[in-house]
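The sequence shown begins at 213 in the numbering used here and counts up by one. From the three backbone atoms N, C-alpha and C, an ideal C-beta is built for every residue, glycine too. One structure below.
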Amino acid sequence: MRFVIYGAGGVGSLYGGLLARGGKEVVFIGRGEHLKAMKGKGLTVKSFKYGTFTVKESDKVKFVSSPEEAGKADVVLVCVKSYDTEKVAPHIPQMLKENSVVVSVQNGIENEEILAKFVGKERVLGATAFVGTYVERPGVVVHEAAGLLEIGELSGKPSERVERLVEELRSCGIEARASKDINYTLWKKLVWNVAFNPYSVITGATVGELLENPLTFEVLKKLMEECYKVAESYGVRLKPKIMENYLKSSPDLKNYKTSMLLDFEKGKPIEIEGITGALIRKAQAKGVEVPFNRCVYATVKFLDEKRRK
């Protein structure tokens with residue numbers, strides 16, 4: 213399989229780097245100083261799980277700035293931030309072969325719908341990456357937590373193409389599995405995201421700090437409970453154990469900063485619309501009240517606008 217990684221940030225660079233290290237044909241579509249560094253010295257991944265390795269440009273590995281340069285792919289992993297999905301989606305069809313698939317490896321629950329408008333729903337696979345990564349400096353990505361990549365058909369049914377893709381990923385050392393119900397999995401991840409990501413921007417706290425303080429712990433719980441109600445309105449009944457596990461503190465979370473907080477601190481755009489905004493829109497469509505999430509959303513939007521003045 214030939215892979216295109218559309219969005220060579222932390223997540224895209226990690227999975228693309230592992231695929232390249234495993235001998236697969238991989239094209240990274242990146243931008244800015246990160247792309248410049250990768251083209252010059254290669255992509256270095258510093259992983260708590262896979263060690264440190266560097267992937268350099270070769271016959272099989274390319275670092276490019278546009279889909280036009282990328283060529284055709286069997287699999288396009290869309291790893292851009294959710295606020296860029298609308299912008300990149302129209303450029304994906306030119307990279308597809310007859311049986312190519314497009315995999316959304318992103319936060320939120322609206323990306324698959326957007327991609328389907330441009331490439332057709334039958335080509336789109338959903339995915340969730342339970343992973344902690346960030347770009348330490350141009351050309352260098354740090355993998356500091358987890359790594360599971362779940363992939364599934366939007367129909368919720370098993371398929372041979374998902375199984376083949378998962379096997380390709382596993383052959384390169386990636387912790388991947390076929391999701392029995394990707395819609396359930398997407399909502400499951402949203403529960404974590406709507407709580408920790410935006411609230412960490414407001415507090416400036418790590419995941420561990422939010423869990424260990426009784427007052428912030430209760431806010432996290434309320435944010436998650438509202439997400440459960442919205443999911444149920446769409447026929448997705450999330451197990452109570454999911455929230456119980458998310459609300460357990462552990463040593464590896466003590467100093468873990470969410471991706472939204474890291475982006476906020478660096479002055480980068482944040483995914484508030486793709487995460488909390490998406491939940492609020494879904495809730496409004498079903499008439500479900502989500503006051504805690506609305507409060508957090510408004511506060512983060514205010515802080516985001518204030519820092520840009």
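Backbone CA spacing between residue i and residue j [nearest angstrom]
{"i": "S445", "j": "V403", "result": "14 Å"}
{"i": "F275", "j": "A249", "result": "10 Å"}
{"i": "V442", "j": "A390", "result": "25 Å"}
{"i": "V502", "j": "V313", "result": "35 Å"}
{"i": "L377", "j": "K369", "result": "15 Å"}
{"i": "R493", "j": "L361", "result": "26 Å"}
{"i": "P305", "j": "R373", "result": "19 Å"}
{"i": "W399", "j": "Y440", "result": "8 Å"}
{"i": "E375", "j": "I414", "result": "40 Å"}
{"i": "I487", "j": "L247", "result": "27 Å"}
{"i": "L422", "j": "K469", "result": "11 Å"}
{"i": "S277", "j": "M213", "result": "21 Å"}
{"i": "G222", "j": "V347", "result": "5 Å"}
{"i": "K392", "j": "M455", "result": "19 Å"}
{"i": "C507", "j": "P452", "result": "24 Å"}
{"i": "M307", "j": "S383", "result": "24 Å"}
{"i": "M436", "j": "N457", "result": "12 Å"}
Three-state secondary structure assigned by DSSP to residue i
{"i": "F408", "result": "helix"}
{"i": "T340", "result": "strand"}
{"i": "T345", "result": "strand"}
{"i": "V257", "result": "strand"}
{"i": "G368", "result": "coil"}
{"i": "G420", "result": "helix"}
Boundaries (first-last residue) of the beta strand (DSSP E) holding residue i
{"i": "F215", "result": "214–218"}
{"i": "T488", "result": "First-last for T488: undefined, no H or E at that position."}
{"i": "V353", "result": "352–365"}
{"i": "R389", "result": "388–390"}
Nearest-angstrom Cβ-Cβ length linking residue i and residue j, presumed shorter than 8 Å
{"i": "I241", "j": "V315", "result": "Actually they do not touch by this definition, with Cβ atoms about 14 Å apart."}
{"i": "Y509", "j": "I482", "result": "That belief does not hold up - the Cβ atoms of Y509 and I482 are roughly 12 Å apart, past 8 Å."}
{"i": "A328", "j": "V343", "result": "24 Å between Cβ atoms; not a contact."}
{"i": "L459", "j": "K433", "result": "6 Å"}
{"i": "L226", "j": "V317", "result": "About 10 Å; that fails the 8 Å criterion."}
{"i": "A282", "j": "V239", "result": "5 Å"}
{"i": "V431", "j": "N505", "result": "Actually they are not in contact, since the Cβ atoms of V431 and N505 sit about 11 Å apart, beyond 8 Å."}
{"i": "L255", "j": "G385", "result": "Not a contact, Cβ separation roughly 16 Å."}
Start-to-end residues for the alpha helix (DSSP H) that takes in residue i
{"i": "T511", "result": "503–519"}
{"i": "A249", "result": "244–253"}
{"i": "F240", "result": "Segment 237–241 is the beta strand (DSSP E) holding F240; no alpha helix (DSSP H) there."}
{"i": "Y227", "result": "222–233"}
Below-7 Å beta-carbon distance, residue i vs any chain C residue
{"i": "K253", "result": "Looking at the structure shown, chain C is missing, and only one protein chain is on hand."}
Next on the checklist: Going residue by residue through the stretch 265–327, where are the continuous alpha helix (DSSP H) segments of at least 4 residues, counting only ones entirely within it?
Outcome noted: Complete alpha helix (DSSP H) runs here, min 4: 279–282, 297–300.
Next on the checklist: So within the stretch 429–488, which uninterrupted alpha helix (DSSP H) runs reach at least 4 residues, ignoring any that extend past its ends?
Outcome noted: Counting only runs of 4 or more, we get 452–458, 471–477.
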